[in-house]
Every structure is written in structure tokens, then in C-alpha cells.
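J.: Below you'll find the structure I mean.
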Amino acid sequence: MDIAKADIKYIQGIGAKRAELLNKELNVRSVEDLLYYFPYRYIDRSRTYTIREITGSMPYIQLKGRILSFEMMGEGTGKRLSAQFTDGTGTIELVWFKGAKFIAEKYKIGAEYMIFGKPAVFGSRWNIAHPEIDVYDEEIDKPAGLQGYYNTSEKMKRSFMNSKAIQKIMFTIIQSLRGGVTETLPAYVIERSKCIYLNDALRNIHFPQSPDMLRKAEYRLKFEELFYLQLNLLRYSLLRKHKLGGFAFSSIGSYFNDFYKNNLPFELTGAQKRVLREIRQDVGTGRQMNRLLQGDVGSGKTLVGLMTMLMALDNGFQACLMAPTEILATQHFEGIVGLLEGMDVEVVLLTGSTRKKQREYIHEGLQSGRIKIVIGTHALIEDTVKFHNLGMVVIDEQHRFGVEQRSKLWRKNVRAPHVLVMTATPIPRTLAMTLYGDLDVSVIDELPPGRKPIQTIHQFDNKRASLYAAVRKQLELGRQVYVVYPLIEENEKLDYKNLETGFESMKEIFPEYKVCMVHGKMKPAEKDAAMQSFVNHEAHIMVATTVIEVGVNVPNASVMIIESAERFGLSQLHQLRGRVGRGADQSYCILITSFKLSDDTRKRMEIMVRTCDGFEISEADLQLRGPGDIEGTQQSGVAFDLKISNLAKDGQILQFARDIASEIIEKDPNLEQPENFILSKQLQKLFAKKVDWSFIS
Ligand code: ADP
Ligand code: MG
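Just so you know, we're using our numbering here: the sequence shown kicks off at 98 and counts up by one.
What follows is the structure, encoded as C-alpha cells:
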């Protein structure tokens with residue numbers, strides 16, 4: 098059987114209807130897809146405990162017995178469904194705070210069940226809250242040991258496609274794979290990496306023979322996943338270096354030099370100079386530059402981006418700067434126009450809301466080559482935007498701009514323009530290696546002189562009075578204040594209401610100061626006016642949503658108050674905090690949360706209070722949230738359909754996989770040797786669909 102082609106609907110126990118459900122809910126179509134749908138956790142069934150044996154501090158345990166009765170108990174938030182469960186040695190209470198009706202209907206009094214859960218003491222008795230309940234199944238439960246649990250959606254559960262059902266199907270499939278699955282790693286790689294065979298790995302990931310075999314299975318599958326990811330990245334980075342020649346910028350001319358001499362408002366920091374030298378070297382080689390520039394908020398990346406664009410102009414090329422939002426693009430546009438004052442360079446702004454007439458003017462100017470610098474949003478990548486001779490692309494705050502999107506830009510000229518990606522969210526090493534295995538990295542590790550570290554304070558929301566006294570002191574010193582509210586789509590109405598209330602109360606508390614408000618629902622003109630009033634220091638306090646997260650630069654602002662800080666991720670908090678501390682004054686960031694906090698939230702607040710180091714924060718963020726949750730990653734589509742590896746935890750395997758992949762690519766760049774046949778075949782299967790690389794060769 099070719100498992101990649103075999104449709105699941107022909108598998109015994111599935112059929113057309115369930116196949117469609119699996120298809121829609123889990124994106125599983127073939128037998129292979131299903132085999133690669135792994136359990137998310139395992140429960141040790143090697144031992145069934147008796148109720149009499151239960152003592153304190155037990156982990157998840159398994160009991161086998163019968164439900165004696167159901168009863169609704171308690172009031173309000175304490176309202177719950179309670180069941181008495183016995184196994185002959187004693188009784189224990191099972192409780193559910195949710196889904197009572199469903200549970201009481203589903204489970205029959207008197208039938209034999211296996212239950213799993215963590216016993217806890219309530220009053221003077223043992224209970225298990227929200228236990229998992231299974232019908233005892235002789236066939237599957239017989240090889241007692243570690244049993245896999247599969248994630249299934251609500252919709253699937255309603256059609257009785259729960260974890261147990263998936264497990265049964267998996268059992269059928271594994272039984273039917275007589276000849277086993279085809280190995281996907283060459284023998285020498287298996288040996289080198291000390292992996293077990295794919296066949297054994299797949300069997301054991303679903304039905305572990307022992308904890309040891311499960312570990313080996315996990316290692317094999319993680320290794321393979323990361324290995325191919327790296328092999329793919331390394332292969333193309335090499336291809337690009339060899340085949341995809343870049344434009345050689347042979348000289349530095351008057352654009353760069355005049356700017357440096359006449360327009361540069363301050364001395365560059367040592368780090369800015371070093372990075373510019375690195376870039377200068379890259380673009381001089383005749384190979385295409387793909388460089389990631391990491392630098393904490395306020396480290397002065399914009400200037401580096403601008404001077405990099407000027408290098409392109411000096412060599413007869415055009416340059417563009419792309420930003421993630423219209424506000425940021427606009428601010429860059431205004432800032433850069435200001436910086437280039439007195440120089441003969443036409444700079445234009447192109448975004449989604451650029452009027453048709455202006456848009457046509459820009460299209461024409463870019464195509465004829467008259468316009469040298471364009472700043473904009475994603476609108477720049479559209480096919481309608483054609484350049485006369487684009488040589489440099491600077492991408493700001495879009496570090497999750499993957500290979501695919503970058504490849505769109507590469508097509509804007511006969512050869513790929515140089516690319517500089519700038520980001521203030523430092524990417525942990527493992528993530529950078531996965532997303533950008535093909536990028537070179539520069540770091541600005543120095544802030545412009547005179548900046549003081551921001552003091553961060555965590556405050557519960559019932560202590561506002563003392564907070565406002567401190568804010569007033571700052572206002573009296575002539576400083577400005579941001580107050581930021583969270584805003585998410587699901588909760589939009591309420592969030593806007595909180596914002597409005599916050600705005601009104603700031604006006605009341607600080608009647609002698611002017612308060613402005615900025616949010617995404619305002620008309621652009623209104624928003625601009627409000628923003629401008631803050632920039633001009635007409636307004637002293639700005640109440641806003643996260644629209645101010647990136648970009649806005651008001652060095653006189655010294656206080657950042659973040660309301661409902663528990664609702665923000667670490668990286669976002671760090672970004673927001675970066676809006677202050679841009680001038681010479683001592684700045685403050687105040688994180689306001691409710692008193693009741695989850696462990697995770699408390700940790701987030703502690704990290705924010707402890708450090709201003711963006712690298713440390715992003716590393717912690719990755720540990721706390723896992724890479725899939727890091728903002729923006731879902732859309733990047735690059736590396737996050739990882740099925741089993743966890744970039745936060747599997748850094749070592751990743752490094753090992755990358756080392757082996759890089760040795761292979763070095764010896765056999767095109768993977769043409771017979772022993773590497775499997776590799777090129779597998780790469781094609783895994784990645785061919787995703788990126789069209791044909792234009793490279
Ligand atoms: P980011 O790296 O966060 O994009 P910006 O480029 O917005 O930072 O720069 C932050 C602020 O620092 C700006 O006001 C900018 O003009 C200023 N700045 C940049 N480089 C220097 C420097 N070498 N010396 C002093 N101020 C600088
Ligand atoms: Mg910036």
C-alpha cells in the first residue's frame with residue numbers, strides 16, 4: 098500500500114462521513130496523514146490502582162470500576178455534577194463543573210469504565226475533577242502500558258470521534274501495514290543520528306511498547322522533522338549563493354557621503370557603524386544579501402536601513418522600505434523625508450489607502466526609475482508594482498516574513514535585490530535557525546548614548562491612587578504619558594468600552610492636562626490629528642490601543658501605563674515598553690493587572706520587571722508560550738506545521754540535525770549521490786508544493 102495515496106475513507110471503521118470529518122477538522126486525507134497525527138500525551142495504563150490505595154501526591158492514575166449515582170450539587174460557581182464511583186475497595190467522588198448534562202447522559206450507571214485523573218482531597222474525601230472516562234476495550238487495553246491521547250475537536254467528539262475512536266482506527270492501520278512503511282532517511286543518516294527506523298518509530302509513537310521505546314520514537318520523528326527543515330533551508334541558501342548572483346554595489350557615492358556629512362543628526366553608535374560595514378561588505382561581493390538586523394527597540398535601526406538604501410542609490414538602483422502597518426510606514430516616510438531634507442531624492446509613500454491618482458503616479462515613477470525610494474506596506478509586493486531597477490529591499494519589523502514572501506520580492510528585478518530585514522523582537526536562536534536558516538544575522542547591541550534603562554513596575558489595579566500621584570509628578574516635569582489598553586477582535590466591543598472609560602477617567606483625574614485618544618476604528622484623518630497632537634506635545638496623555646506598538650517615536654514620553662497587562666504576551670509588552678525610554682530622562686513602565694493571576698502571567702510580569710533585555714525576554718516567551726503561539730507565526734506558514742518538535746525544547750536536536758544536514762550539503766550540494774536519493778525525493782515531497790523555486794535556476 099502506498100500510504101501517501103491511500104484514502105482514509107477505505108479504512109475499516111472510517112467510511113465516507115468520518116473521512117470527511119477528519120478531513121475538515123484535522124486536515125487528514127491519506128493514511129499517511131493519519132499516521133502522522135500523533136498523540137499529544139500518554140497515560141500510563143500499565144497499572145490500575147484501587148481506590149483503597151489512593152494516597153496524597155499521586156500523579157495521574159487509572160481506576161477501573163462503576164458509577165453508582167449522579168447528583169447536581171452546590172450553587173453559583175460551585176455548582177457541579179457529582180458522581181460516586183466504586184471499584185469494590187472503596188468509593189471516590191468524580192466532579193464536573195462543566196458539561197454536566199452531556200456527562201450524565203453519556204455515562205451509564207452500573208457500566209464498567211476506566212477512569213483517569215489526579216486525585217485530590219476535598220473536605221475529608223478523595224475526588225477527581227473532570228476525569229477522563231473510557232469504556233474498557235479488551236483489544237486495545239490489553240497491551241497495557243503507555244496509552245496515547247489524541248486531540249479531537251468538539252465537532253468530532255459530537256460524532257463520537259474521540260481519542261479512543263482515533264486510537265482504534267490507528268490500531269487497525271498499524272495492523273494492516275504488513276510490509277511496514279517505506280523508510281525516509283538514508284541508512285547512513287540513521288546510523289549517524291542514532292535513530293530507530295521509521296517503521297518502529299510510527300508503531301511506538303501510537304502504541305509504545307515501553308517508555309524507552311516511546312522516547313526513541315519521539316527522538317526519531319523529531320530529528321527527521323528538523324533535519325529536513327534544515328536540509329531544505331541549507332540547500333537553498335547554497336543555491337542562492339551560487340546561482341543567484343546579486344547586484345554588486347561597487348562604490349559608495351554622493352548620496353551616502355552627502356547624507357553622512359551634512360544630514361546625519363548625530364554620531365552613529367559603534368554598533369550602527371559595525372552593522373553598516375557588514376552590509377557594505379555583503380553588497381559589494383556580487384552575491385545577493387539576505388541579512389537579518391536585530392536590534393532592541395530604540396537602538397536606531399531606521400537610520401541603518403536608510404543608509405543602506407542610499408548605498409543602492411549610489412549604484413544606480415532603487416530601494417524600498419516595507420513596514421507592517423500603515424501608521425508605521427507613514428511615520429517612516431515622514432521621518433525619512435525629514436532626514437533627507439535638502440538632498441535631491443524623491444521619496445514616496447505607497448499603502449493600501451493611497452489614492453488612485455497618486456498610486457498611478459507612483460507606479461509610473463517607479464517603472465521609469467524617476468522615483469528612487471518608496472516606503473510602504475504590503476502594497477509594495479503586489480504584482481502591479483514594477484520597478485525600473487530595484488536593488489535594495491529593507492523590511493521593518495516583519496521578522497516572520499518567510500522565504501515565500503521574500504521570494505516574491507526577489508522577482509521584482511532580473512536578479513534578486515538585496516534584502517535587509519530589521520526587527521526589534523530578537524528571535525531566539527532556535528527559531529531564527531528554523532525560520533531563517535538561510536539568513537545572515539547582524540546585531541545592534543548598543544543603544545544611543547544617554548539612555549537610561551526603563552524602570553518597570555507591576556501594580557495591581559486596586560492601587561491606582563498612588564500610581565496617579567507618581568504620574569502627576571512626571572507630567573509636572575513636562576513629560577508625556579501613554580496609557581495602553583488591549584484590544585482583541587473577540588472582545589472588541591468591551592475592549593473599546595474600556596478604552597473609552599479609561600479616556601474619560603484620565604480626563605477627570607488630570608483636568609489640567611490634555612488627553613488624546615487613538616485607536617484603529619478612527620478615521621485616518623482623526624487618528625493622525627490625535628497622534629500629531631501628542632507628537633507636538635499639545636496633548637500630554639495619550640490613551641490608545643496597541644496601534645502604538647510599533648513605530649511611534651516621542652522621546653519626551655517617559656511613562657507607559659499598560660492596562661490589563663495580563664492580556665499581552667511578553668514580546669508585545671516589551672515592544673510597548675520600548676515606546677518610552679527614548680530620550681535622556683528616566684522612564685517608567687507600569688504594568689497593571691488584576692489581583693488574581695495565573696502562574697504564567699505572574700512569571701511574565703516578573704520577567705518584565707526584572708529585565709529590559711529583549712533577547713532574554715524573547716527566549717522566555719518561547720519557553721512560556723511555545724513557538725506556535727508567538728504572535729504572527731501562524732500566518733508565516735514557514736516552520737510551524739511542525740508536527741512533533743517543539744522549538745522551545747528541542748534546540749539540541751535541532752542543532753544536531755542542522756550539523757548533519759550541513760555536512761551532507763557541503764559534500765553533495767545537489768543531493769545527486771545515490772545514497773542521497775532518498776533525501777532529494779523526500780525534500781521534493783515535503784517542500785515542493787510550498788515554494789516555487791524554479792525561477793532561481
Ligand atoms: P528602532 O531600532 O527601534 O527602529 P529608531 O530607528 O526608531 O529605533 O531610533 C530610535 C531613536 O533613536 C530615534 O529617535 C532616532 O532618531 C534615535 N537615534 C538613532 N540613532 C541614533 C544615534 N546614533 N544617536 C542618537 N540617537 C539616535
Ligand atoms: Mg523601528
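Ideal Cβ placement from N, Cα and C applies to all residues, glycine included. All figures in this text were calculated on a predicted structure; none of them were measured in a lab.
1. Can you find the residues in the same chain that come closer than 6 angstroms, C-beta to C-beta, to E229, ignoring five residues on each side of it along the sequence?
2. Check R138 in the structure and name its three-state DSSP category.
3. Would you kindly report the start and end of the unbroken beta strand (DSSP E) that includes D592?
4. The ligand MG and T399: does any heavy atom of the ligand fall closer than 6 angstroms to the residue's C-beta?
5. Is DSSP giving A654 helix, strand or coil here?
6. So Q264 is in the alpha helix (DSSP H); what residue range does that whole segment cover?
7. D765: which of G547, L336, I148, I263 sits nearest, CA to CA?
8. Rounded to a whole number of angstroms, what is the C-alpha to C-alpha distance between R467 and G350?
9. For L528, does the count of other Cβ atoms within 10 angstroms reach 16, so buried, or fall short, so exposed?
10. Relative to the C-alpha of E251, which residue among Q669, L447, F199, R569 is closest?
11. Short check: CB of A654 to CB of Q327, under 7 angstroms?
12. Please look up how many angstroms separate the CB atoms of V538 and Q391, rounded, as I've assumed it's under 8 angstroms.
13. Say the cut is 6 angstroms; is the CB of N650 nearer than that to a heavy atom of the ligand ADP?
14. Suppose you measure from the CA of D130 to the CA of L744; what does that come to, to the nearest Å?
15. Looking only at its own chain, which residues have a Cβ that is under 8 angstroms from the Cβ of L780, when we skip the five neighbours before and after it?
16. So, helix, strand or coil for V128, using DSSP?
17. Using a Cβ-Cβ cutoff of less than 6 angstroms, which residues in the same chain neighbour A416 once the five nearest sequence positions on both sides are dropped?
18. Can you check DSSP and say which residues form a bridge with P362?
19. CB-CB under 7 angstroms to A513, same chain, minus the five flanking residues each way: which ones, in chain order?
20. Note down the Cα distance separating H460 from L400, rounded to an integer number of angstroms.
21. In the DSSP assignment, find the unbroken beta strand (DSSP E) run with K114 in it and report its ends.
22. Let me check understanding here. Comparing Cα to Cα, which of E280, L437, L282 lies closest to Y357?
23. Does E315 pass the burial test, meaning 16 or more other C-beta atoms within 10 Å, or should it be called exposed?
24. For the alpha helix (DSSP H) containing E621, name the first residue and the last one.
25. Check whether the segment 444–464 touches the segment 418–435, taking contact to mean three or more Cβ pairs, one atom from each stretch, closer than 8 angstroms.
26. Could you check whether the Cβ of P421 sits closer than 6 angstroms to any heavy atom belonging to the ligand ADP?
27. Rounded to the nearest angstrom, what separates G162 and L536 at their Cα positions?
28. Under 8 angstroms: do the segment 277–292 and the segment 162–176 share three or more Cβ pairs, one atom per stretch?
29. Quick one, are the C-beta atoms of A662 and L688 less than 7 angstroms apart?
30. Look at A754 and L323 and say whether their C-beta atoms are less than 7 angstroms apart.
31. Using the three-state DSSP reduction, which class does I230 fall into: helix, strand or coil?
32. Considering only their Cβ atoms, is the gap separating K313 from I750 smaller than 7 angstroms?
33. Which of the three DSSP states, helix, strand or coil, is assigned to H485?
34. Please look up how many angstroms separate the CB atoms of Q577 and H634, rounded, as I've assumed it's under 8 angstroms.
35. According to the Cβ coordinates, are F135 and I164 closer than 7 angstroms?
T.: Reading off the structure:
1. Taken in chain order, the residues that qualify are F213.
2. It is a strand residue.
3. Looking at the DSSP string, D592 is not in any beta strand (DSSP E); the run it does join, the alpha helix (DSSP H), is 589–606.
4. Yes, the Cβ of T399 comes within 6 angstroms of a heavy atom of the ligand MG.
5. Note: A654 maps to strand in three-state DSSP.
6. Following the DSSP letters along the chain, one finds Q264 inside the alpha helix (DSSP H) bounded by residues 260–273.
7. Nearest Cα to D765 within the set G547, L336, I148, I263: L336.
8. Answer to the nearest angstrom: the Cα atoms are 18 angstroms apart.
9. Counting Cβ neighbours within 10 Å, L528 comes out buried, since at least 16 surround it.
10. Considering only Q669, L447, F199, R569, the residue with the shortest C-alpha distance to E251 is F199.
11. No. Outside cutoff.
12. Between the beta-carbon of V538 and that of Q391 there is about 7 angstroms, and that keeps the pair under the 8 angstroms contact cut.
13. Closer than 6 angstroms to some heavy atom of the ligand ADP: that describes the Cβ of N650.
14. The alpha-carbon atoms of D130 and L744 are separated by roughly 22 angstroms.
15. Closer than 8 angstroms at Cβ, skipping near neighbours: Y325, L328, N329, R332, L768.
16. Collapsing the DSSP output to three states places V128 in a helix.
17. In chain order, M406, A409, I470, M489 place their CB closer than 6 angstroms to the CB of A416, counting only its own chain and leaving out the 5 sequence neighbours on each side.
18. In DSSP, P362 forms no bridge with anything.
19. The answer, listed in chain order, is L341, G343, Q385, W507.
20. Those two C-alpha atoms are separated by around 26 angstroms.
21. Looking at the DSSP string, K114 is not in any beta strand (DSSP E); the run it does join, the alpha helix (DSSP H), is 112–123.
22. Per the C-alpha coordinates, the member of E280, L437, L282 positioned closest to Y357 is L437.
23. Around the CB of E315, 16 or more other CB atoms lie within 10 Å, so the residue is classed as buried.
24. The sequence given here has Pro at residue 621, not Glu. Note, P621: alpha helix (DSSP H), 621–632.
25. They touch, by the three-pair rule.
26. In this structure, P421 has its beta carbon at no less than 6 angstroms from each heavy atom of the ligand ADP.
27. Their backbone Cα atoms lie some 58 angstroms apart in a straight line.
28. The segment 277–292, when compared against the segment 162–176, does not touch it at the 8 angstroms Cβ threshold.
29. A contact, by the Cβ cut-off of 7 angstroms.
30. In this structure, L323 lies closer than 7 angstroms to A754 by Cβ.
31. In the three-state reduction of the DSSP assignment, I230 falls in the strand class.
32. At a Cβ-Cβ threshold of 7 angstroms, I750 and K313 do not count as neighbours.
33. If DSSP states are grouped into helix, strand and coil, H485 belongs with coil.
34. Going by Cβ atoms, the distance from Q577 to H634 rounds to 7 angstroms, so yes, they are a contact pair.
35. No, these two residues do not count as a Cβ contact at 7 angstroms.
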